[in-house]
Each structure stands twice: as C-alpha cells, then as structure tokens.
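In the UniProt record's numbering, the protein residues as written are 1 to 329.
Note that beta-carbon positions come from the ideal geometry of N, C-alpha and C, so glycine has one too.
The block underneath contains the structure these notes are about, expressed in structure tokens.
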C-alpha cells in the first residue's frame, strides 16, 4: 500500500512530516475524522492504516481511530510508502509470571519494544506473546493484540496482557479508571532532600525537541501525578527509589524525576550524557502490579524481580551504600 507524505505547513503534495495541534474547533473530533479534515489529500483508508501502524500519534502515543481529541493535543508522524505490517509468532524471550484463561502477567526484558511499529516491524514482545499464545491474535488492536498498556523499549518489568476480548475491554476500563496500581524501581542521580514525596505536574510534548516530553504549565499538558519514596542511598551519588504512578503519561517517571533534578541513571534523553555511559540502559523497572481480576473479581498482586543488568548495578552500589532505608515492596 502506498502512503502519501503530507506536511500541513507546506503546499499540498510536498514532502515532509505531519505536525498538527488540535484547536478548540476540533475538540471532541474522532482522530480519523480530524485527519480527514486537515489532510484532504490522503484517503480515509490510508489515514486509518497509518493510525493502526503507529505512523500517526497523539502526544507521542498510539491511539485508535475512534479516539476523541482534546484541545492542545499534538498530532505528529508521517505518511509514506510502506508495506502492511504482518504479525508473526517469534521466540522472543520474556518471563511468564502468571497465566489463566483470561490474562497473562509477564516481565518484559530491557531492549525489546512492546509492539511492532515503524522501524520495529518484528522482534517485539507481541511477536513473543503470539509464539506463546496464538489465541491473542484477534484480541484488541490488530497491531497490538492483547496489549492494554506499554513500557518503553529500555524499561523492563511487569505487564498484564489480555487473552480474550472481554478481558481486554475490562482491563482497558480499569486502567482508564486508575484502579490498577503500578510501582516502579528507578535508580536516579543524586540524594533526594526528602525521604518521600508526591509530584503533580502536567506533561506535554517538548516544544523544541519533539522526541521528548516535558513538564509544562497548568492547563497546557495532561495531568500527571507520581509518588516516590527513597529505598536506598549510595555514596556513589545516586539513590534507588520506588515510584507509584497515578497516571500513565508518556515517559512520566523519567520526566518527573528529571524535573526534580534527579534524572534516571542511564537515561540519555532526559539525563546528562556524561553521567549515563556507565549504565547499560535507563535504570527503570516496572516492579509490581496490583489489580482486581476483571473476570473473577479476585484481587491480584504480582512482582517482577530485577533483570540481571539492573540487579548487577544495584549490587555493585550496595558495596558503597550510605544508607539502606527500607525493603522493596
């Protein structure tokens, strides 16, 4: 299938990227209807295909064609010639923590993208899930079967995956209603001035560096809240913190901790380059997940052990511990 490249700031038919902001007149429009209005040169089919492939994003996130847009949201991406993505089962490693007839609880290794998109057509967690459980192929989105939430490529840890359409719908509602509790472990630079705290700071696309998110003024970005507590402090000038996210914005922990002056170690996007080289990746791990089983109604809680690369760093730092404040829970 051929996609036409459009740039709304240039004459129709010229090459370039799409970068649009939702104005008040388009608030409440479906994502696909908005694109049809603003990019009349492209067919509705091509636009919907681009949305499914993850070529067109809302504030850096994949959204369904039916998503209702809000004022200030940024539509970015491009349309170009591409073959339709086909999902194939692949033996991609991940840890299976729990499975029943309705859902899976897995731990994603670092360095693996959750689902196929431009630049990552295969070798993803979804390919591995299909290898393990072919039945999820028809659950939810065709490019993201079974997926109800995501982790960044270099963030490791726990995820819940739906095996049935009913479970997928109910899990989606639970995440939307914020009844799923997610805790992360983050190794951050510096020693925090308080043992615990809560940051409420809206997050939006960075105005100059489009691959980044940033804390912004009230009313501009999307509401985001994170609570943190220090677990261990090291004389090497960094701390291990546990972060509970109350919302699930793109790069939320990375942005919030950086805004406090304590970027995640190894994070080349939000940290200082000279301080990231000794770390194999961003030191962020989705450690625990608690939810009510969407079918049985039974409360469930799971933890995912640190992956070896993260654990090795922590064990090295513990040899230089200034203070160990509490157990990881």
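Here the segment 137 to 156 makes no contact with the segment 203 to 211; the two share fewer than three CB pairs at distances below 8 Å.
Secondary structure within the segment 211 to 292: the beta strand (DSSP E) runs of 3 or more consecutive residues, fully enclosed, are 213 to 215, 225 to 234, 238 to 245, 284 to 292 (chain order). Under the DSSP assignment, residue 42 falls outside any beta strand (DSSP E); it carries neither an H nor an E label. For residue 32, the enclosing alpha helix (DSSP H) begins and ends at 31 to 38. Nearest to residue 285 by C-alpha distance, out of 204, 155, 219, 278, is 155. The DSSP-derived three-state label of residue 94 is coil. Of the candidates 131, 190, 255, the residue whose Cα lies closest to the Cα of residue 88 is 131. When the five nearest sequence neighbours on each side are left out, the beta carbons in the same chain lying within less than 7 Å of the beta carbon of residue 191 are those of 233, 239, in order along the chain. Taking each of 189, 72, 162 in turn and checking the Cα distance to residue 220, the smallest one comes out for 72. Residue 56 holds the alpha-carbon nearest to the alpha-carbon of residue 21 among 133, 56, 46, 185.
Here the C-alpha atom of residue 58 lies approximately 31 Å from the C-alpha atom of residue 229. Straight across, the Cα-Cα distance linking residue 122 with residue 95 is about 19 Å. Per DSSP, residue 59 lies in no alpha helix (DSSP H) segment and is marked neither H nor E. Per DSSP, reduced to three states, the secondary structure at residue 313 is helical.
Residue 170 and residue 299 do not touch by the CB rule: their CB atoms are close to 15 Å apart, not below 8 Å. In chain order, 246, 247 place their CB closer than 8 Å to the CB of residue 178, counting only its own chain and leaving out the 5 sequence neighbours on each side.
In this structure, residue 45 sits away from residue 90, with a CB-CB distance that is not shorter than 8 Å. Going by DSSP, residue 184 is part of the beta strand (DSSP E) stretching over 181 to 189.
Per the Cβ contact rule, the segment 304 to 312 is in contact with the segment 94 to 112 (3 or more Cβ pairs under 8 Å). The distance from the Cβ of residue 302 to that of residue 105 is about 5 Å, consistent with a contact at the 8 Å cut-off. Assignment of beta-bridge partners to residue 121 by DSSP yields no partner. Annotation: residue 76 to residue 235 spans about 43 Å, alpha carbon to alpha carbon.
Per DSSP, reduced to three states, the secondary structure at residue 145 is strand.
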